[in-house]
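J.: Take this structure first; my questions come after.
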Amino acid sequence: MNYKITTYGCQMNENDSEKISGMLKKMGHVNVEDESQAHIIILNTCSVRENANDKFFGHLGYYKKMKESRPDLILCVCGCMMQQESVIMEIKSRYRHVDIIFGTHNIHELPGLLSDHLEKHEMIVGVWKEGGNIVENLPIERKYDFKAYVSITHGCNNFCSYCIVPYTRGRERSREIDSILMEVESLAKNGCKEITLLGQNVNSYGQTLSKKTTFADLLKILVQVKGIERIRFMTSHPKDLSDELIDAIALEEKLCNHIHLPLQSGSSKVLKEMNRKYDKEYYLNLVKKIKDKIPNVALTTDIIVGFPGETREDFEETLDVLEKSRFDLAFTFLYSTRENTPASNREDQIPEDVKHKRLNRLLEIHNKIGHDINQSYIGKICEVLVEGKSKNNSNYMTGRTDTFKLVNFPGDDSLTGKIVKVKITDTKTFSMEGILED
Ligand code: SAH
Ligand code: SF4
Ligand code: F3S
2 MNYKITTYGC QMNENDSEKI SGMLKKMGHV NVEDESQAHI IILNTCSVRE NANDKFFGHL
62 GYYKKMKESR PDLILCVCGC MMQQESVIME IKSRYRHVDI IFGTHNIHEL PGLLSDHLEK
122 HEMIVGVWKE GGNIVENLPI ERKYDFKAYV SITHGCNNFC SYCIVPYTRG RERSREIDSI
182 LMEVESLAKN GCKEITLLGQ NVNSYGQTLS KKTTFADLLK ILVQVKGIER IRFMTSHPKD
242 LSDELIDAIA LEEKLCNHIH LPLQSGSSKV LKEMNRKYDK EYYLNLVKKI KDKIPNVALT
302 TDIIVGFPGE TREDFEETLD VLEKSRFDLA FTFLYSTREN TPASNREDQI PEDVKHKRLN
362 RLLEIHNKIG HDINQSYIGK ICEVLVEGKS KNNSNYMTGR TDTFKLVNFP GDDSLTGKIV
422 KVKITDTKTF SMEGILED
């Protein structure tokens with residue numbers, strides 16, 4: 002059968018989709034891009050904000066119509082939303098056209114669930130409440146040959162008071178160093194140049210292993226793998242980012258000069274209520290330390306606007322940190338109430354119009370900073386890992402610098418997967434332009 006997977010949410014979900022694809026391919030099914038050619042449709046969902054949930058139910062309505070004209074179509078839904086009981090109940094009562102439901106902890110069960118459905122022709126629900134042991138060696142069908150995601154931890158133990166992820170992904174578990182090393186070595190053998198290590202909080206890697214290991218220890222081993230030229234990682238929780246790690250990034254050529262360091266809020270009061278376990282002063286000191294030790298580092302961040310009880314003064318503190326930290330990129334979110342999280346019960350929710358006004362002010366300041374940082378690249382020669390043809394102009398290729406800047410430049414497809422030198426000539430809002438250097 003042909004299958005088509007649509008992925009929502011973060012890189013964790015993308016990596017899971019690659020495994021789902023790997024399993025289906027191994028069973029003899031064929032990955033297709035065009036939904037109209039697919040016999041199996043899989044929606045891998047995200048639950049981090051309410052609008053993600055709303056969108057998903059909208060899509061389910063659309064597939065209901067599609068199934069009326071194509072009754073043999075098998076519709077599978079999986080991912081973080083399926084770890085919420087209320088979602089499963091809603092699907093069971095209102096979206097009976099869904100055929101298979103599974104969760105984040107048991108993607109390896111998909112082959113069995115699929116056979117069950119083919120045999121019984123009824124809705125099959127298989128969701129585990131808690132994560133078991135990490136299942137290693139699942140087949141994987143990756144999107145690219147030259148860059149790859151490698152999960153190093155699953156789950157999260159931080160319970161930030163706004164966040165649903167600890168409930169959808171379970172407790173934090175680290176993969177064994179040997180399993181990670183084997184995966185990275187096999188990627189390198191197949192021509193992979195860049196890996197991105199994934200975890201909700203990569204800095205706490207190793208805490209659950211019987212032989213205590215730190216994230217910096219893991220990196221020291223992975224930089225030795227021949228063929229891997231760049232190592233990225235995300236996400237770094239500020240509370241656990243060690244000096245040892247900063248030194249490693251400063252020293253090791255292969256570790257990209259980019260740290261994604263979610264701020265969430267600049268107000269110490271709000272940070273405390275978010276259960277982030279650091280305050281404004283700690284965050285600013287950390288940024289200073291990073292910038293002192295890694296002069297050309299790119300810092301990116303996540304910020305939530307309108308957390309319950311956020312006053313105008315609290316918000317001004319966020320703007321202050323924004324101006325002092327000068328982020329290359331900020332992913333900004335309006336606070337969204339998530340079922341059963343501690344912050345959702347608060348009565349001092351911020352009105353939507355206030356949230357929007359604050360977000361606009363924040364973006365105005367951030368965009369100016371981002372623009373100024375990008376301007377400072379003009380004339381510089383950067384190493385770019387070429388990812389393929391540019392979307393807007395087929396005579397242009399596109400790729401990323403080690404600081405995660407998107408660069409477009411004239412070139413041809415033979416460069417895909419190579420690291421080339423590009424001189425930056427111009428900048429746009431979300432990208433830069435350049436020309437190849439000999
Ligand atoms: N583990 C990562 C983040 C994972 S979720 C970390 O700790 O930084 C990605 C981002 O979504 C978060 O950094 C946060 O900014 C945002 N987010 C999470 N829950 C949210 C909520 N309820 N409302 C708005 N944004 C939220
Ligand atoms: Fe959510 Fe906080 Fe865990 Fe990140 S660290 S996934 S924001 S609970
Ligand atoms: Fe979304 Fe789950 Fe990732 S909630 S952000 S897909 S861990």
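The sequence shown: position 369 = 370 (our numbering), numbered continuously. The beta-carbon is built from N, C-alpha and C at its ideal position, and this holds for glycine as well.
1) Taking 6 Å as the cut-off, is the CB of tyrosine 163 close to at least one heavy atom of ligand 1?
2) Return the chain-ordered list of same chain residues with a C-beta closer than 6 Å to the C-beta of tyrosine 336, the five sequence neighbours on each side being excluded.
3) By DSSP, does phenylalanine 405 sit in helix, in strand, or in coil?
4) Just the Cα atoms here: how many angstroms apart are leucine 407 and glycine 418?
5) Tell me whether serine 87 counts as near ligand 3, meaning its Cβ is closer than 6 Å to at least one heavy atom of that ligand.
6) Taking the alpha carbon of leucine 360 as the point to measure from, which residue in Val387, Ala331, Thr342 and Ile382 has its own alpha carbon closest?
7) From Lys227, Arg313 and Cys164, pick the residue whose C-alpha is nearest to that of serine 187; which is it?
8) Could you tell me whether the region 240–258 touches the region 212–221, where touching means 3 or more Cβ pairs closer than 8 Å?
9) Give me whichever residues DSSP pairs with tyrosine 150 in a beta bridge.
10) May I have the straight-line CA-CA distance separating cysteine 161 from lysine 130, to the nearest angstrom?
11) Ignore the nearest five residues each way along the sequence and tell me which others in valine 271's own chain have a CB closer than 7 Å to its CB.
12) Among the candidates Leu199, Glu173, Asn159 and Thr7, whose CA atom is the shortest distance from the CA of alanine 149?
13) How big is the Cα-Cα spacing for serine 70 and asparagine 297?
14) Could you check the C-alpha separation between valine 128 and isoleucine 6 for me, to the nearest Å?
15) Should valine 49 be counted as a contact of ligand 3 given a C-beta to heavy atom distance under 6 Å?
16) Assuming methionine 124 contacts arginine 97 (C-beta within less than 8 Å), just tell me the rounded distance between them.
17) Take methionine 82 and list the residues in its own chain whose beta-carbon comes closer than 8 Å to its own, dropping the five residues that flank it on each side.
18) Under three-state DSSP, which class holds lysine 213?
19) How far does the beta strand (DSSP E) with glutamate 434 in it reach, from first residue to last?
20) So the beta strand (DSSP E) phenylalanine 334 belongs to, where does it begin and stop?
21) Just to confirm the assignment, what range does the beta strand (DSSP E) spanning lysine 424 have?
22) Quick one: what does DSSP say glutamate 384 is sitting in, helix, strand or coil?
23) To test your reading of the DSSP string, which unbroken alpha helix (DSSP H) runs of 4 or more residues are found completely within the region 9–77?
24) Determine, using beta-carbon pairs with one atom in the region 369–389 and one in the region 398–406, whether at least three such pairs fall under 8 Å.
25) Just how far apart, CA to CA, sit leucine 223 and glutamate 195?
26) Indicate the three-state DSSP secondary structure (helix, strand or coil) for leucine 139 in the structure shown.
27) Taking contact to mean 3 or more Cβ pairs, one atom from each stretch, closer than 8 Å, check whether the region 245–265 and the region 131–142 are in contact.
28) Compare the C-alpha of threonine 430 against each of Lys381, His372 and Asp414 and name the closest.
29) Is serine 18 buried or exposed, if buried means 16 or more other CB atoms sit within 10 Å of its CB?
30) Tell me, please, which residues DSSP counts as bridged to asparagine 276.
31) In terms of residues, what are the limits of the alpha helix (DSSP H) holding alanine 500?
32) Measure the alpha-carbon distance for glutamine 208 versus arginine 172 and round it to whole angstroms.
33) Please name the residue or residues paired with cysteine 79 in a DSSP beta bridge.
34) Quick one: measure Cβ to Cβ for glutamate 184 and lysine 26, integer angstroms, because I've assumed they're closer than 8 Å.
35) Are methionine 90 and histidine 40 touching if we call contact CB-CB under 7 Å?
36) In angstroms with no decimal places, state the Cα-to-Cα distance between lysine 325 and lysine 281.
T.: Looking at the atomic coordinates:
1) Locating residue 163 in the sequence shown gives position 162, where the first residue counts as 1. It does: the Cβ of tyrosine 163 is within 6 Å (strictly closer) of some heavy atom of ligand 1.
2) Position 335 of the sequence shown, counted from the start, is the residue given in the question as residue 336. Cβ neighbours of tyrosine 336 beyond the five flanking positions: Ile305, Gly307 and Phe308.
3) Position 404 of the sequence shown, counting from 1, holds the residue named residue 405. Residue state, collapsed to three classes: coil.
4) Residue numbering aside, residue 407 sits at position 406 when the sequence shown is read from its first letter. Residue numbering aside, residue 418 sits at position 417 when the sequence shown is read from its first letter. Their backbone Cα atoms lie some 15 Å apart in a straight line.
5) Locating residue 87 in the sequence shown gives position 86, counting from the first residue. Serine 87 Cβ: outside cutoff for every heavy atom of ligand 3.
6) Counting from 1 along the sequence shown, the entry for residue 360 is found at position 359. Per the Cα distances, Ala331.
7) Taking the sequence shown and counting its residues from 1, one reaches residue 187 at position 186. Answer by Cα proximity: Lys227.
8) yes
9) As a first step, residue 150 must be located in the sequence shown, where it is residue number 149. Beta-bridge pairing links tyrosine 150 to Thr197.
10) Position 160 of the sequence shown, counted from the first residue, corresponds to residue 161. Position 129 of the sequence shown, counted from the first residue, corresponds to residue 130. When rounded, the distance between both Cα atoms is 20 Å.
11) As a working note, residue 271 is residue 270 in the sequence shown. Within the same chain, valine 271 has close Cβ partners Phe308, Glu311 and Asp315.
12) Counting from 1 along the sequence shown, the entry for residue 149 is found at position 148. That would be Leu199, whose Cα lies nearest to the Cα of alanine 149.
13) Residue numbering aside, residue 70 sits at position 69 when the sequence shown is read from its first letter. Residue numbering aside, residue 297 sits at position 296 when the sequence shown is read from its first letter. Between serine 70 and asparagine 297, the C-alpha separation is close to 56 Å.
14) Here the question's residue 128 lines up with position 127 in the sequence shown. Here the question's residue 6 lines up with position 5 in the sequence shown. Each residue's Cα considered, the two are about 19 Å apart.
15) Here residue 49 is taken as the residue at index 48 of the sequence shown, counted from 1. Yes, since a heavy atom of ligand 3 falls inside the 6 Å radius drawn around the Cβ of valine 49.
16) Reading the sequence shown from its first residue, position 123 is the one you call residue 124. Reading the sequence shown from its first residue, position 96 is the one you call residue 97. At roughly 7 Å, the Cβ-Cβ gap stays under 8 Å, so methionine 124 and arginine 97 are in contact.
17) Here the question's residue 82 lines up with position 81 in the sequence shown. Closer than 8 Å at the Cβ level, and outside the excluded window around methionine 82, lie Thr46, Cys47, Ser48, Ala53, Asn54, Phe57, Val88 and Thr169.
18) Sequence index remark: in the sequence shown, residue 213 carries index 212 (1-based). In this structure, lysine 213 counts as coil in the three-state DSSP scheme.
19) Residue mapping note: residue 434 aligns to position 433 of the sequence shown, counting from 1. Run containing glutamate 434: 433–437, per the beta strand (DSSP E) assignment.
20) Indexing the sequence shown from 1 puts residue 334 at position 333. Unbroken beta strand (DSSP E) run through phenylalanine 334: 330–335.
21) Position 423 of the sequence shown holds residue 424. From DSSP, the beta strand (DSSP E) with lysine 424 extends over 420–428.
22) Residue mapping note: residue 384 aligns to position 383 of the sequence shown, counting from 1. Three-state DSSP puts glutamate 384 in a strand.
23) 12–27 and 51–70
24) yes
25) Start at 1 with the first residue of the sequence shown, and residue 223 comes out as number 222. Start at 1 with the first residue of the sequence shown, and residue 195 comes out as number 194. Using only the alpha carbons, I get a separation of about 11 Å.
26) Translated into the one-based positions of the sequence shown, residue 139 becomes position 138. Coil.
27) no
28) Indexing the sequence shown from 1 puts residue 430 at position 429. Selected option, being the one with the closest Cα: His372.
29) Taking the first residue of the sequence shown as 1, we reach residue 18 at position 17. So serine 18 ends up on the buried side.
30) By one-based count along the sequence shown, residue 276 stands at place 275. None, per the DSSP bridge assignment.
31) Outside the displayed span of the chain (2 to 439) sits residue 500, for which this structure offers no information.
32) Counting from 1 along the sequence shown, the entry for residue 208 is found at position 207. Counting from 1 along the sequence shown, the entry for residue 172 is found at position 171. When rounded, the distance between both Cα atoms is 12 Å.
33) Working through the sequence shown from its first residue, we reach residue 79 at position 78. BP columns for cysteine 79 point to Asn45.
34) Position 183 of the sequence shown, counted from the first residue, corresponds to residue 184. Position 25 of the sequence shown, counted from the first residue, corresponds to residue 26. Contact flag wrong, Cβ pair sits at about 18 Å.
35) For the purposes of this step, residue 90 is taken as residue 89 along the sequence shown, with counting starting at 1. For the purposes of this step, residue 40 is taken as residue 39 along the sequence shown, with counting starting at 1. No, Cβ-Cβ distance for methionine 90 and histidine 40 is not below 7 Å.
36) Here the question's residue 325 lines up with position 324 in the sequence shown. Here the question's residue 281 lines up with position 280 in the sequence shown. Cα to Cα, lysine 325 sits roughly 11 Å from lysine 281.
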